[in-house]
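For the protein sequence lines, the chains are A and B, in the order given.
If you read the first sequence in the numbering used here, its first letter stands for residue 1, the second for the next number, and so on.
If you read the second sequence in the numbering used here, its first letter stands for residue 1, the second for the next number, and so on.
2 protein chains.
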Amino acid sequence: MSKQEVGPLGHVAVDDCCPGLLAAPLGEEQAVELARVFKALGDPVRLRLLSMIASREGGEICVCDLTPAFDLSQPTISHHLKQLRQAGLIDCERRGTWVYYWLLPEATDRLAGLLTRPGRPLPAETSA
Amino acid sequence: MSKQEVGPLGHVAVDDCCPGLLAAPLGEEQAVELARVFKALGDPVRLRLLSMIASREGGEICVCDLTPAFDLSQPTISHHLKQLRQAGLIDCERRGTWVYYWLLPEATDRLAGLLTRPGRPLPAETSA
Chain A
1 MSKQEVGPLG HVAVDDCCPG LLAAPLGEEQ AVELARVFKA LGDPVRLRLL
51 SMIASREGGE ICVCDLTPAF DLSQPTISHH LKQLRQAGLI DCERRGTWVY
101 YWLLPEATDR LAGLLTRPGR PLPAETSA
Chain B
1 MSKQEVGPLG HVAVDDCCPG LLAAPLGEEQ AVELARVFKA LGDPVRLRLL
51 SMIASREGGE ICVCDLTPAF DLSQPTISHH LKQLRQAGLI DCERRGTWVY
101 YWLLPEATDR LAGLLTRPGR PLPAETSA
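Encoded structure:
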């Protein structure tokens with residue numbers, strides 16, 4: 001099958017299709033799908049939400065613990081969270097009153113891999 | 001000095017200020033600066049330009065070799081290249097008629113590092 005596989009959350013299984021962003025010219029379709037993920041990261045509120053979710057001890061966080069960190073309405077926060085979810089970066093589950101969010105680490109692993117130069121030591125290995 | 005250092009091309013020396021996007025909640029200022037870089041990547045044409053520049057043998061590419069790959073005008077391509085340059089991802093130099101572009105690999109290394117989970121093996125090491 002030559003078509004790209006798009007996951008249930010709309011993200012592409014990038015490592016199935018691409019040798020990496022820096023190793024060879026990206027195809028048009030891959031670029032469109034990957035740009036959607038980077039666009040989701042291209043907003044300060046979404047970056048902060050993602051880092052709060054990703055760094056939460058226990059691996060998940062209630063939306064009720066996210067909202068107070070921002071001077072924004074609950075619907076605005078929910079809209080940003082939806083964009084992160086549609087980009088395949090996080091997932092969520094409703095439990096009673098609240099929605100709980102967690103990172104989909106395979107998505108950030110994939111981006112890290114795509115941004116890693118082929119055959120080079122990775123930053124984590126070379127930093128003092 | 002507690003202020004963020006912003007490089008000559010407008011990008012933040014992220015690894016001087018942040019433990020990583022996934023390890024701890026990002027500060028507001030860091031999020032603003034980092035979002036600018038991800039926003040630059042959040043466009044399919046810019047992603048394709050970046051991958052063409054990054055994967056070019058010899059490490060640099062003439063704008064005259066970039067433009068024919070796109071069904072876009074030279075000014076549009078130049079605008080996208082300017083956005084990548086302002087995000088600190090590439091740099092360029094005019095030589096005679098043409099402008100030559102190259103990747104600033106420390107910028108992509110930094111993003112890869114920020115997207116790498118603390119204490120986890122990296123994708124390049126675990127893939128078959």
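Ideal placement from N, C-alpha and C gives every residue a C-beta, glycine not left out.
Values in this document were obtained by computation on a predicted structure and should not be read as measured data.
From the DSSP output, read off the bridge partner residues of B/Leu103.
B/Ile90
Specify, as a first and last residue, the run of the alpha helix (DSSP H) that A/Leu49 falls within.
44 to 54
Distance cutoff 7 angstroms, beta carbons only. Does A/Ala87 sit that close to anything in chain B?
With 7 angstroms as the cut-off, A/Ala87 does not count as an interface residue toward chain B.
Let me see if you follow: with CB-CB separation under 7 angstroms, is A/Gly42 close to chain B or not?
Yes, contact with chain B.
Under 9 angstroms Cβ-Cβ, which residues of chain A neighbour B/Lys39?
Phe38, Lys39, Leu41, Gly42, Asp43
Is it right to say A/Glu29 is buried, meaning 16 or more other beta carbons lie within 10 angstroms of its own, or is it exposed?
exposed
So, is B/Asp71 buried or exposed, given that buried needs 16 or more other C-beta atoms within 10 angstroms?
exposed
Please state if the CB of B/Ala87 and the CB of B/Arg36 are separated by a distance shorter than 7 angstroms.
yes
Distance, A/Leu21 Cα to B/Arg94 Cα
25 angstroms
Would you tell me roughly how many angstroms separate the C-alpha atoms of B/Ala112 and A/Leu115, rounded to the nearest one?
5 angstroms
Would B/Glu33 be called buried (16 or more neighbouring beta carbons within 10 Å of its own) or exposed?
buried
So, under 8 angstroms CB-CB, A/Pro105 and B/Arg48 are touching, yes? Tell me the CB distance rounded to an integer number of Å.
Contact between A/Pro105 and B/Arg48 does not hold, since their C-beta atoms are separated by about 27 angstroms, which reaches or exceeds 8 angstroms.
Pick out whichever of B/Gly27, B/Pro25, B/Leu50, B/Lys39 has its Cα sitting closest to the Cα of A/Leu26.
B/Leu50
If we ignore side chains and look at the alpha-carbon of each, how far apart do A/Met1 and A/Ala31 end up?
Interpretation of A/Met1 is limited by its pLDDT of 34, a score under 50 that renders its predicted location unreliable; the figure taken from the coordinates is listed afterwards. Each residue's alpha carbon lies about 19 angstroms from the other.
Just to make sure I have the definition right: I need the residues of chain A whose C-beta is within less than 7 angstroms of the C-beta of B/Val32. Which are they?
Pro44
Can you pull the DSSP bridge partners for B/Arg95?
B/Trp98
Residue range of the unbroken alpha helix (DSSP H) whose run includes B/Glu29
Start and end: 28 to 41.
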